Structures are given as C-alpha cells and as structure tokens.
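Protein chains in written order, with this note's numbering: chain A, -7 to 279; chain B, -7 to 279; chain C, -7 to 279; chain D, -7 to 279.
Dropping the structure here:
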C-alpha cells in the first residue's frame, strides 16, 4: 500500500474549484487515485474527497495542510480536513451488557478488516470483561450510580484515559448511558452510536417494544454521530429487516441484533476510511 | 376454480379450538384447502383463516354462518367473518392529482390480476379524468372548497354513490383529503390508504421533504387501514428503498412513487384475498 | 432547465486527465454541474461523466465534439460520447402479450417522468393494441411465422420504421422474440431488455419455473443491454424479492411482474439520463 | 419453558388429516402451542409442524413415537420426526482459514441465543485454533494431503469423533473441503453449508470473482444442506446485498462476509428450532 493523503473539504460552490484543486495536486506531481465530489444545489455547497499518492509529491507531508490553507481554504472560505492513510486511527469501544456488537467489532479487528487500533474498552458494568480478556484488550469499568451523582466524575476519568490512549473516535456498541455534552464537544462527529430502530421512528428507550406496539412490518437500525439531542445526530447508515405479526418483542430483539451489528460496523468502516463528511446534521458518505 | 368458503375468526385461545373447527368442516364433508392460525401469547388470543371447498359440503352456503355462530361463536365468544371466493368484492378508488398509483391499480385490474370490480373512481379534482376515460370507468368529481364548508355535503354524496354501487371497500390512491370519521365508521378497516413514508416516521404532510431534512439513508412507504387518528391505523404493508446524500426532495418523490405503487397494490391484493385480520390496531396477514 | 452538454468518456488512466478536462471546460467558461469519475484499477482504465452549462460556454455547441476529439481524444486514445440535455431521445417499445411493463413505461411517459419521445410500439401480436390506443401511440404488428421463415423480412421492415422514426434506442418490454445480430449491430448497447430472473441464474425460457424447481428463497429480475449471446449482455440493474416454499410457479410469475416493471424502468431512466457507460460487457452506472 | 413435543410430518394430502392429528393431541390432553401446515398442490403432499405441551399429556414421552407410528404413520404412509424441546442438539463446526462465520456462531452460542451444544470444532488447518481456545472448545486438526490420499482416513477419524461426541448435525463455516458421500449419508440433511453466492448462480470456486467478472449488481450468499452434488442441495436461506461497478473482487469478498455470517446463522437457527422439513431437494421452512 502506497502512502496517500486524503483531503475532505467543503465550501460554497464556485466555478473552477475542482480544476484548481486537482491542478494543484497534479502540478506538484501527486497522482490522484480517488476523486468524488458532490454539490448540494439547495445550499449551493460543494463537497469533495480527494486522495493522492505521496511518493513523488513535491510538497513535504507536514507542509501540505499549510499550503492548502493558504492557497485555497482562506480564499474560498473552505473547511477542510487532511489525513494520511498510514496514520492508523485509535478507537475506544463503550459497552454495557450486550455482547453482539462488541464481538462483531472485535472479530473484524482481529481478522484485520480495519486499519485501526483498539487500545481500550470502557464500560459501566463488569459483564463483558470476559470478552475483552478473550481478545487481550484492557477493559475499564466505571459504575455510574443510579442517581447519576458520580457521572461527571466518571466522565472525567474516562476522558483522562481517552487522552492518555490518544483515542481519535469512540464507538458506542449498545452503550446504555447518555453521553454528556462535555464529552460530545471533545469528540464532535467522532462518537458513533448504534440505535436499535429506524430513526426517526422510535427514539429513546425500548424501540423494539415500541415497534411491536405500533405493528410495523419492517424494523431497522441506525448508526449516527452523537450530538447533544438524543438520537438526533447525523445518520451514517441504516438498514432494515422484514417482520410479521408472528414476531414478539423478544424475537424483534433477536432479529434486531443482526441489523445492529452490520449497521454499526458499516458506519465504523466508513469512518475509518475517512469517507464521511458531516454538514448541517447530515452526512455525505463518499463511495 | 372451485367455490370455497373462507372463515376468518379470532377469540381467546383455548385448548381444542382447531380440532373442533376442523372437525366440523371435515364431518360435514368440506375439504380444507387452506388453514393458517396464529396465537398471540401476550394477549392469549387465537386467530385463524380457514378455507374449504363447498362442492360436497353438507351445509347450504346460506346457513353456514348461522351454524358457526350457534355452534362456536357464541360458545367461544368468537368474532368471525365468512366470505365466499366466488363473490367478487367491489372497490372504489379515490384520487387527487397524482397518476402513478391509479395507473398501477387499473393496469392490474385490466390484466385480470385481481378478482375485483371497480365500478367508480372518485376525485376532488378533474385532473385524472383522462385515465378513467382510458379505462372506461365512471369518474366522479366533487370539489371540496378551501374552507371545507362543503365537505360534509360532498361526503354525503360520495356515500350515496358508494351505497348505490354496492362498494365493499375503498382505496385511497394518493387521495389528498382527510376522510371524515363518519365515512370511516361506514367502512371500518375497509379503507386502504398509502402513506408516502415509513410510518410511524414522518406522519402528515410532505414526508419526503421531512425525510430529506432529517438525512435518512432509507425511505419507505406504508399502506394501512384508515382510522380516526391520522396515519395511525393498522399497518398492512411497508417497503423501503435506499437513498444517498445525492438525493434531493424531488428525486425522493420520484423514487418514492415506485414504492407507493407496489406497497399499495400488495395491500389491495391481501385485502381482496381475505387474508387480513385486524386486531387492536394491528394486522394479522395470513400468507 | 438550462442547456447542458454531457460528456461520457473512457481511456487508459493517466496522471492529470481530470485536471486537463475540467480546466478545458472552466477556461472556456463552462460551469461544471456534474462530475463523476471512476478508475478500474485492474485494467488501469479511467471513466468519467461530466456535465456543464452551455450558457456562457465559449465554444459553439456544434464544435465541441471536434475540439474534444482534437485536443484530448486523439492524444489519450479516448473513447467519448457527447450529448445535449435538450435533445430528447426517441425510444421504441417492443412487446408481445404481457401488459405490465408496457403500462408501467407508458404511465411514466404520460406523467412526464422522462425526457423522452415514444413514437411507436412494435409487436409480434395484436394483443396489446388496446393499450397503444389508450395512449394514442401508433402500434405496428409484424407476425413472425412459427418456422421463422419471415423473420429477416420482418426485421427489415422494423428497421425501416426505426429509421423513419429516428429511433435512438429500443426497450424490449417482455418481448418474446430473439433479436437478430443484425439489429443488435444497428443499436449496440442501445437495446434494453428485461429478463425475469436474477442473471446469470436461470438463463433462457421459463425462469420462474426453473427457480421454483430449484427451490430458491429469493427471485430476481435483470435489465441488460442485448448482445449476440442470449441473456449475457452488460447488466444495468437487478432487484430481488423474497419468496417462500408456499409460492407456486404462478405466484412467482405474479411477484416477478412487480420486479420486472421496476427494474426495467430504472434501467430506462439511467439510459435516458446518459448515466450508463459500457465497457467489456459491464456497465458503469453513474449516480 | 415448559417441555414440549415437536412433530414434523409429511404424507399425501387427504381430507381430515389435520382434524385427526389435532384431535389425537387434544383428546390426550396435550395443549397445542404451534401448528403450521402446508399443502403442495402440485404433488398433492401435506406437510405439518405441530408442537404441544407435555405437562398433562396422557401418553408418556417414550411411547409417543410408537402411537403416532401405529395410529397414523402406517395408515397414511406418513414420514415423521418427533423431537422434544428439552433435548439439546449437539453441533460440530468445520472450518478452514476464515474466521468470520466461526466468530459469529460462537458469539451467538456464548450469548445463549441457541439451545445447542458445541462440543468440538474440526479443521484441516491450525489457523483458527486461537478462536477455539478463546471460547474453550476443543479444536481438532486433520490435515488433508494435496493429493487427497489420506482423505478417507481423515474422514474416518472425524466420524469417530462425531460418534463419540454424539453430534447431531454439522455446520460447515466456510470449510474449504468437499465432504465425502460417506459422511453425507451419515448425516442426511444434517450438514449445513454456506456458499458465498446467490445459488444457483456461481457454483463452485471463487464465486465473488465470477460475480465481478459477470458484472452483476447484487451479490448473495446461500445456506443449504449438503448433498452428493456440489452446491446443489436443498436451499435453507439466501440473502443479497447491492454492489456497484466500483466494487472490486476484494471488496465483494468483504461485503460477502457479512452476508455469509447472517445467512448461515439464520439457517442454523431454523435447524435448531426444528423448523425445517426437506422434501424433493427443497425445504419447507416453518415460520
């Protein structure tokens, strides 16, 4: 795998942007291996993901960001992020008591499906320590009291750990606690949650029971970035499965597990590949 | 096609019901060609659909209902409906301005997909009269004033027509008017609507715009029986299609049309086949 | 809707192509409203779809093709096609006896879903003339003898009509005749067929019966461009529906109809929008 | 969970069968908790799954089979199997080098999703021993020589182990060896395989590469019982996922993994629940 730079940007759409940016890469001997762009005609916004090989690129990798900032970002009032494909992101998993998503994430990790490091698993319960042990990953437990009186303290400790482990993004793998605004601000659009319904239907607790009550014929799962409003952040991925009147709340829970695993893992894959751009509480998912 | 009787029933579950009913049919020389049953263990309710050939059945067809009522319904506090497969139901279609569902319904009708009669199409606009003309079906228009001042009067005229035409059930094929409680009471669980969202998400007006605003990755359509509460009746069928950030509200409308057609037609098929039982605002859909 | 030019091209991938082409458009004051590109890394091939507004474009529309040819196509050994969004393509529909696809195509046409003209419907049977009459479209019938002795003669007459009507592409809407190599050569990658199976499973006749025999749990439909080898041309679109052991060959035929309509119409949409590029018996479908 | 008996049967369809069987259960004070039946009208065959509580059942559980045999099976030339829900089946897993299906099966096992025992994992490679160790399940390796000269000997040893461990059914979780006819005869319709294509498309080796070559727009996975003919046994479950021209053989392999896991696990679930009846190389899957 050759080293590449990945540029994600958005700005007001203007004639000639693609030409300018691609010319900048080409003139500096970068070989473009990926280009995808999208124009939101309602808002007149331009979005692009660009990836090029660094082998013969004339600008040293630690200067690229400066150049883009000076040459384009300021001029076009552009928001951009620059990544390098050989810098492996570090991910923390948060869990409570259900094992299916955790197993799915760790099985992929172990099989080498993702370029990612998972240095720690964090929980509010001891229940899943045996899985962390199976995979030799440190497992940290901070119990949260029923009255939530120690919640702030716990999150301080968690954030301390995340800093120490240089964590880039969090995955809530059926983590049954609401994340505080403070932590969300530390990781804006970098906390991936899986909600066990087809959002925006059935926000909040016990969505499978809600779905059963309503008598729907299809259930779903939704992965999204966590924002301050519950289950209302930018949606990354959704999928559904057909059910019938014969299903019970219990069988929905079982069927839903398979959805949750898949939908969460697809979102994590896209995030690791730097293929998600967020804008106005929505995601642009590059293919 | 041999003449058959179709029995749909539900009651509290009790040991021996299936045996008793099937024995009654068999003892009277009815050949059972369809049996499907379902027990809702939460409510302890028993549901069954039974179909048998009438050729050698010892009880005359106009007495069957009485027999069932006397022998079983009273004893088991059973609710039941009896149909005959050679009695063709009569369906009225209500439309406004969009043609896709109407064309789909009439193309199936014309191709002989359904055992149904469609003696009339009713609208609040002239727009789709040409389609009714294409298919030689009478088209009735009653305009509803913006202030709804003539709504009751219009519905009276419509119900008069429905009576005259001996209509059994109504299909709202993107009919953009709210049906009054009075008409709903005349046709309980016999008015099929298509809502252009994956209910219960995006109730009410402009669901595709709502979906686009929320940034969902999948859109849906829902057919349901109309009840007094808007878009909240028993769901008959749903289906979905995947979308991306590239979709606009307009492209969602286009993609949604295909869903609406299919989902509405599947519901109508099930209704005509007498395969739907409603209970507590849910449907049991026999296969 | 502003007039635009649409360029579809492919060539061996080479550094700087995107930059050069987009610079050419931009330098000549064309506003790019769509760019999608794709590199097939196995073959080292580059594919692009580009659309730009012609309003202020400095090169007159009848010279654009020459310019591209001289400046880029020869240099890069590029294959390209140039279209204008205000030139409405003309489509002929071929049918036999089944009405569902024809109704679906004409209902969309009538509703204005597509920028297309349909000047004629061609058949080997009289059966569907009433539909052509409903929509006021000329319907031509050439019967083909059982021994196929007049097949060449019939196709000559058909091609004469297609020329006269300046037809750009053909849609076989469940047309139950094999198209000759001669006609295929006249319309390379411009004859769209719908095959009622999930290709490459169940090539040839009676695919639903084949599917039922095999006991599959899902059936499909496939739209593809017609090539000399039966059911083996470039696939444009596929979709599937779940079935059960309760389905009969007859119920598969009914369920399949809905698939066929949707899958064929999606392919026609993509073709009309100039979003399909064919290469090595595959399609690139731009989004 | 109350103890129940589960009866799976099929025979030529005849008036009164359902009544007789259900009467037999009811007369002997068995409470029927599940009844599903199906008539194949083409072959005139009757299929039924019946489950009843044993608590007050008058016939002792070790005599039930005799009674059914004497009273009904002989009379109706019926084929039947009787199971008890409190007898936990024992399953052996066969693997080669790929971990995703194995992890998925074991995660469900560990989470208590299935009433099953997994006393051993068998492989032709050492590669996945670490997973067996993680879950504390004995892992047996028998290498098969390239010339297959020791294949018979290896299968003898494997069958010896399966006997010793009283294994009821085998799951081939991406096991890359062809199972011999001898072993298939020992476990007729009791060896579940996962094939990584939408059968009958792409039988045999490297189906994802075949799919990519053909340019399909959807890929699938199929679980089936193993029979003497390769990839041609009764299909239990299938599912699909949409792909695009951007997918490579490698990305298909990755996308396919998720399908394989789900489709295999659904088949195993149905098998464990005794909800599969096989007949003429097809499955009846009770819901």
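A virtual CB, placed ideally from N, CA and C, is assigned to each residue, including glycine.
Bear in mind that the values here come from a model prediction, so they are computed numbers and not experimental data.
Give me the chain D residues within the contact set of residue i, using Cβ-Cβ distance strictly less than 9 Å, ordered along the chain.
{"i": "residue 136 of chain C", "result": "Those do not exist, as residue 136 of chain C stays about 30 Å from chain D at its closest Cβ, beyond 9 Å."}
{"i": "residue 198 of chain C", "result": "Those do not exist, as residue 198 of chain C stays about 15 Å from chain D at its closest Cβ, beyond 9 Å."}
{"i": "residue 105 of chain A", "result": "92, 246, 249"}
Roughly how many angstroms lie between the CA atoms of residue i and residue j, to the nearest whole one?
{"i": "residue 3 of chain B", "j": "residue 173 of chain A", "result": "51 Å"}
{"i": "residue 25 of chain B", "j": "residue 46 of chain B", "result": "11 Å"}
{"i": "residue 147 of chain A", "j": "residue 175 of chain A", "result": "7 Å"}
{"i": "residue 161 of chain B", "j": "residue 97 of chain B", "result": "14 Å"}
{"i": "residue -3 of chain B", "j": "residue 242 of chain C", "result": "22 Å"}
{"i": "residue 53 of chain C", "j": "residue -5 of chain C", "result": "10 Å"}
{"i": "residue 153 of chain A", "j": "residue 23 of chain D", "result": "57 Å"}
{"i": "residue 112 of chain A", "j": "residue 79 of chain A", "result": "18 Å"}
{"i": "residue 187 of chain C", "j": "residue 6 of chain A", "result": "44 Å"}
{"i": "residue 132 of chain D", "j": "residue 99 of chain A", "result": "21 Å"}
{"i": "residue 118 of chain C", "j": "residue 271 of chain B", "result": "48 Å"}
{"i": "residue 104 of chain B", "j": "residue 141 of chain C", "result": "34 Å"}
{"i": "residue 182 of chain A", "j": "residue 74 of chain D", "result": "54 Å"}
{"i": "residue 231 of chain D", "j": "residue 51 of chain A", "result": "48 Å"}
{"i": "residue 159 of chain C", "j": "residue 264 of chain C", "result": "13 Å"}
{"i": "residue 258 of chain C", "j": "residue 277 of chain C", "result": "11 Å"}
{"i": "residue 247 of chain A", "j": "residue 156 of chain C", "result": "58 Å"}
{"i": "residue 273 of chain A", "j": "residue 220 of chain A", "result": "11 Å"}
{"i": "residue 130 of chain A", "j": "residue 124 of chain A", "result": "7 Å"}
Taking residue i as the query, report the chain B residues whose CB atoms sit under 8 Å from its CB, ordered along the chain.
{"i": "residue 23 of chain D", "result": "7"}
{"i": "residue 126 of chain C", "result": "126, 127"}
Starting from residue i, find everything on chain C with Cβ-Cβ shorter than 8 Å and list it in chain order.
{"i": "residue 15 of chain A", "result": "11, 15"}
{"i": "residue 193 of chain D", "result": "190, 191, 192, 193"}
{"i": "residue 30 of chain D", "result": "237, 238"}
Who are the neighbours of residue i on chain A, taking C-beta pairs under 7 Å?
{"i": "residue 18 of chain C", "result": "7, 8, 11"}
{"i": "residue 63 of chain C", "result": "Ordered by position in chain A, no residue passes the 7 Å Cβ test against residue 63 of chain C, which lies about 15 Å from the chain."}
{"i": "residue 164 of chain C", "result": "Simply none; closest approach about 30 Å."}
{"i": "residue 95 of chain D", "result": "95, 99"}
{"i": "residue 220 of chain D", "result": "Residues of chain A passing the Cβ test: none, with the nearest at roughly 32 Å."}
Please compile the residues from chain B whose C-beta is within a distance smaller than 7 Å of the C-beta of residue i.
{"i": "residue 27 of chain D", "result": "10, 29"}
Starting from residue i, find everything on chain D with Cβ-Cβ shorter than 8 Å and list it in chain order.
{"i": "residue 226 of chain C", "result": "207"}
So which residues of chain C does residue i contact, with C-beta pairs closer than 9 Å?
{"i": "residue 279 of chain B", "result": "236, 238"}
Below 8 Å between beta carbons is the criterion; list the residues of the segment 32 to 44 of chain B that meet it against any residue of chain D, in chain order. none
Quick one: which residues of the segment 254 to 265 of chain C get their C-beta closer than 7 Å to a C-beta of chain B? List them in chain order. 254
Which residue spans inside the segment 176 to 230 of chain A form an unbroken alpha helix (DSSP H) run of at least 4? 199 to 206
Scan the segment 228 to 258 of chain A for residues whose Cβ lies nearer than 9 Å to a Cβ of chain B and list them as they occur along the chain. 228, 229, 230, 231, 232, 234, 236, 237, 238, 240, 241
Segments assigned beta strand (DSSP E), at least 3 residues, entirely inside the segment 34 to 75 of chain D: Taking 3 residues as the minimum length, the beta strand (DSSP E) runs contained wholly in the segment 34 to 75 of chain D are 37 to 45, in order along the chain.
Could you say if the segment 250 to 263 of chain D and the segment 201 to 210 of chain D meet the contact criterion of at least three C-beta pairs nearer than 8 Å? Counting C-beta pairs with one atom in each stretch, the segment 250 to 263 of chain D and the segment 201 to 210 of chain D have fewer than three that are closer than 8 Å, which means they do not touch.
Segment contact flag, the segment 66 to 78 of chain A with the segment 24 to 35 of chain A, C-beta cutoff 8 Å, min 3 pairs: no
How do the segment 50 to 62 of chain D and the segment 136 to 150 of chain D stand: do at least 3 beta-carbon pairs fall below 8 Å, yes or no? no
Contact between the segment 195 to 206 of chain C and the segment 155 to 166 of chain C: three or more CB pairs below 8 Å? no
Which whole runs of the alpha helix (DSSP H) in the segment 2 to 33 of chain A are 4 residues long or more, in chain order? 9 to 19
Quick one: which residues of the segment -7 to 6 of chain B get their C-beta closer than 8 Å to a C-beta of chain A? List them in chain order. none
Return the chain-ordered ranges of every beta strand (DSSP E) run that is complete within the segment 115 to 157 of chain C and spans a minimum of 3 residues. 131 to 133
Across the segment 84 to 98 of chain C and the segment 6 to 21 of chain C, are there enough close Cβ pairs to call them in contact, namely three or more that are closer than 8 Å? no
Starting from the N-terminal side, write out each stretch of the beta strand (DSSP E) that is 3 residues or longer and does not extend beyond the segment 234 to 262 of chain D. none
Counting only runs that start and end within the segment 83 to 115 of chain B, where is the beta strand (DSSP E) found for 3 or more residues in a row? 109 to 115
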